[in-house]
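Start counting the sequence shown at 34; every next residue gets the next number (the UniProt record's numbering).
No residue lacks a Cβ here, since even glycine has one placed at the ideal position from N, Cα and C.
The model shown is predicted, which means the values in this text are computed figures rather than measured ones.
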Amino acid sequence: AAEKVELKERIRRLLKERDAVLVAHYYVDADLQDLAEETGGCVSDSLEMARFGRDHPAKTLVVAGVRFMGESAKILSPEKTILMPDLDATCSLDLGCPADEFAAFCDQHPDRTVVVYANTSAAVKARADWMVTSSIGLDIVKHLHDQGKKILWAPDRHLGAYIQKQTGADMLLWQGSCLVHDEFKGVELDLLKAEHPEAKVLVHPESPAAVVAQADVVGSTTQLINAAVNLPATTFIVATDNGILHKMRMAAPGKHFIEAPTAGNSATCKSCAHCPWMAMNGLKNLAEVLESGANEVLVDPAIGHQAKRAIDRMLDFAA
Ligand code: 13P
Ligand code: SF4
Numbered sequence: 034a035a036e037k038v039e040l041k042e043r044i045r046r047l048l049k050e051r052d053a054v055l056v057a058h059y060y061v062d063a064d065l066q067d068l069a070e071e072t073g074g075c076v077s078d079s080l081e082m083a084r085f086g087r088d089h090p091a092k093t094l095v096v097a098g099v100r101f102m103g104e105s106a107k108i109l110s111p112e113k114t115i116l117m118p119d120l121d122a123t124c125s126l127d128l129g130c131p132a133d134e135f136a137a138f139c140d141q142h143p144d145r146t147v148v149v150y151a152n153t154s155a156a157v158k159a160r161a162d163w164m165v166t167s168s169i170g171l172d173i174v175k176h177l178h179d180q181g182k183k184i185l186w187a188p189d190r191h192l193g194a195y196i197q198k199q200t201g202a203d204m205l206l207w208q209g210s211c212l213v214h215d216e217f218k219g220v221e222l223d224l225l226k227a228e229h230p231e232a233k234v235l236v237h238p239e240s241p242a243a244v245v246a247q248a249d250v251v252g253s254t255t256q257l258i259n260a261a262v263n264l265p266a267t268t269f270i271v272a273t274d275n276g277i278l279h280k281m282r283m284a285a286p287g288k289h290f291i292e293a294p295t296a297g298n299s300a301t302c303k304s305c306a307h308c309p310w311m312a313m314n315g316l317k318n319l320a321e322v323l324e325s326g327a328n329e330v331l332v333d334p335a336i337g338h339q340a341k342r343a344i345d346r347m348l349d350f351a352a
């Protein structure tokens, strides 16, 4: 505990000395989320992380999350220094959508508007017309569908199928998935609901259709936290990374949160309900990168420039 206090103090001091701000995702360690808030940074979903990093005047952004979040920050603010506690923190969606294969797929379907999820590499975003996050993907695809556009969607097949179903858009889906959300199970969720008939079910749309179908609210991490606060229920079953429970419990004290069931048992399944890459962010490596300036996120400027168009479209649409 003493070591923790000392590390936090060191991080606070280094953030000031470096003119740096901490931008964290809800799935990272609770200490990092708290520090981000206390020190004037932010803890939020992917859309707000991007916007906050772009708009904040600090010279250095420290992104506690996964690689694509650091890359998006760099793409939006090439003049800033972007650091990450661990540059190997990736995402199964990003890994499952290599840029060359994706480009070939796009080349086969030149008639389609290319919409990619934020959880992709800079090179994949550079090939896209639009980038979206889970909080706004549905609205953007609806907008494109209303304009008569046919869509090529990548990489998350569950989020793609959910948006397809909601909008009726013509969507060709890349078959990627999130290794955390893919583990949530519909049958087990149904049984858990029967045990807690009063509970409302909050689901992230990277989950399989059988889970999404049982949701009271489907949304991004921020949208799910808002639902936990605003819905007049006291018990919630939550189908997303369990890192989110820290914020839910703080934002809605007195309410009761239950993790949705996964295929494995969480004691034996490393990725069940908690992202192994988000877990690579800790107080220790955060303090180290702030001290040394190591782990800078770099994006090829030409690729970054091209990728920025797809991200800016989303941010303009959201504004
Ligand atoms: P959001 O926070 O944008 O909902 O994204 C979830 C996610 O997959 C981050 O890894
Ligand atoms: Fe990727 Fe899933 Fe981890 Fe989010 S939780 S970073 S989507 S693997």
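inquiry  = If I follow the unbroken beta strand (DSSP E) through residue 214, where does it start and stop?
reply    = Unbroken run through residue 214: none, as it is neither H nor E.
Going by Cα to Cα distance, which pick from 64, 93, 58 is closest to residue 48? 93
Are the beta-carbon atoms belonging to residue 95 and residue 155 less than 7 Å from one another?
no
Check: Taking residue 274 as the reference, which of 232, 215, 227, 286 has the closest Cα?
Finding: 215
What residue range is occupied by the uninterrupted alpha helix (DSSP H) comprising residue 322?
-> 316-325
| Any chance the CB of residue 310 is under 6 Å from a heavy atom of ligand 2? | yes
task: Can you give me the Cβ contacts of residue 174 inside the same chain, cut-off strictly under 6 Å, excluding the 5 residues immediately before and after it?
output: 196, 200, 202
Can you list, in chain order, the residues of its chain whose CB lies under 7 Å from that of residue 332, leaving out five sequence neighbours each side? 104, 107, 108, 155
If we count the other Cβ atoms within 10 Å of its Cβ and call it buried at 16 or more, is residue 269 buried or exposed? buried
Quiz item: Given residue 130, which residues of its chain have a CB within under 7 Å of its CB, disregarding the five upstream and five downstream residues?
Solution: 153, 157, 187, 188, 207, 209
Note to self: Tell me which residue opens and which closes the beta strand (DSSP E) that residue 75 is part of.
What the structure shows: 75-77
To the nearest angstrom, how far is it from the Cα of residue 101 to the Cα of residue 82? 11 Å
*Buried or exposed for residue 350, please, with buried defined as at least 16 other CB atoms from any protein chain shown within 10 angstroms of its CB.*
exposed
4 or more residues per run - each alpha helix (DSSP H) lying fully within the region 216-242 = 219-228
Could you check if residue 78 belongs to the surroundings of ligand 1, using beta carbon to heavy atom distance under 6 Å? yes
Review point. Would you report the Cα separation of residue 39 and residue 64, rounded to the nearest angstrom?
Key: 13 Å
> Does ligand 2 have even one heavy atom less than 6 Å from the beta-carbon of residue 152?
Replying inline: yes
_Mapping the DSSP letters down to three states, classify residue 172 as helix, strand or coil._
helix
On a Cα-Cα basis, can you pick out the residue from 194, 204, 172 that is closest to residue 182? 204
Measure the alpha-carbon distance for residue 220 versus residue 243 and round it to whole angstroms.
8 Å
Exercise. How would you call residue 262, buried or exposed, if buried means at least 16 neighbouring beta carbons within 10 angstroms?
Worked result: exposed
If you draw a straight line from the C-alpha of residue 184 to the C-alpha of residue 222, how long is it? 32 Å
ask   = Using DSSP with H/G/I as helix, E/B as strand and the rest coil, what is residue 292?
value = strand
Can you tell me the Cα-Cα spacing of residue 75 and residue 135, whole angstroms? 32 Å
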